[in-house]
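To start, the structure itself, in structure tokens.
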Amino acid sequence: MALVVSHQSALEFWRRAPESVVAAALAELRQCGTPQLRVCDLQGGSKPSPVEAQEVADLFPCVFTGSLHVLVGTSAARVRRACIVPHVGAASYPPGSFVRIASGAWVASPELCFVQLSQKLSLARAVELGTELCGRYRKDSRQEKGMAAAWPLAT
42 MALVVSHQSA LEFWRRAPES VVAAALAELR QCGTPQLRVC DLQGGSKPSP
92 VEAQEVADLF PCVFTGSLHV LVGTSAARVR RACIVPHVGA ASYPPGSFVR
142 IASGAWVASP ELCFVQLSQK LSLARAVELG TELCGRYRKD SRQEKGMAAA
192 WPLAT
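Here it is, written out as structure tokens:
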């Protein structure tokens, strides 16, 4: 499995994954960091498969809803499949752009997630998202008040 979760699915991960999983992933990133990476390096240049997407979704039950948004290295790998929404990634990303969430599975960091999503949001919605990622709460429709207390994901 080699999958890079991005965009809306990355936001779902940061919002809904168990706090212990999020804390461990961020601690590893801060302690070890990630080198400058290219998306094609993470994926081995292959097209993501529905089986890989389902494996990642199965690792985190109740986190991902709908199709899984993933980064691909080239437009040739951008084949839409039943449960995958591919996005062509940049040529390279700076260190810390991806967080390992399982063997062969990565998720866009909170900062990269913000950059990816804010490109299509209004200024007000982008500010709202940035405030959430830096704040002590997460939006979560599963909660009675629509929010859950949490540690900041970014500063």
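Take 42 as the starting number for the sequence shown in our numbering and just add one per residue. Backbone N, C-alpha and C fix where the C-beta goes; we use that ideal spot for every residue, glycine too.
Three-state secondary structure (DSSP) of L194: Note: L194 maps to coil in three-state DSSP.
Are C154 and W55 close, meaning C-beta to C-beta below 8 angstroms?
It is a contact, given that the beta carbons lie within the stated cut-off.
**Request:** Please state whether DSSP places F54 in a helix, a strand or coil.
**Result:** In the structure shown, F54 adopts helical secondary structure according to DSSP, grouped into three states.
Determine the direct distance from the alpha carbon of F139 to that of L70, and round the result to whole angstroms. Separation of L70 and F139 (C-alpha to C-alpha, rounded to the nearest whole angstrom) is 8 angstroms.
Margin query: Give me the residue from V45, A51, V46 and R57 with the minimum Cα distance to D181.
Written below: Cα-wise, what sits closest to D181 is R57.
Through-space distance from R183 to R166, alpha-carbon basis | Cα to Cα, the separation comes out at about 21 angstroms.
Requested in this report: With DSSP collapsed to three states, give me the class of L112.
Outcome: Strand, per DSSP.
*With DSSP collapsed to three states, give me the class of A123.*
It is coil, neither helix nor strand.
For this session: To the nearest angstrom, report how far apart I142 and H48 are at their CA atoms.
Result: I142 and H48 have their C-alpha atoms spaced approximately 15 angstroms apart.
Whether A118 touches K88 by CB criterion (8 angstroms) = Cβ atoms of A118 and K88: closer than 8 angstroms.
- Report yes if the C-beta distance between F105 and S163 is below 8 angstroms; otherwise report no. No, these two residues do not count as a Cβ contact at 8 angstroms.
- prompt: Closest by CA to A66, which one among G114, S133, A146 and D99?
  reply: Minimum Cα distance to A66 is reached at A146.
(Q) Here's a check: name, in chain order, each residue in its chain whose Cβ is nearer than 6 angstroms to the Cβ of V97, leaving out the five neighbours to either side. (A) The answer, listed in chain order, is L44 and A146.
Do P151 and A195 count as a contact pair if the criterion is CB distance below 8 angstroms? A195 places its beta carbon less than 8 angstroms from that of P151.
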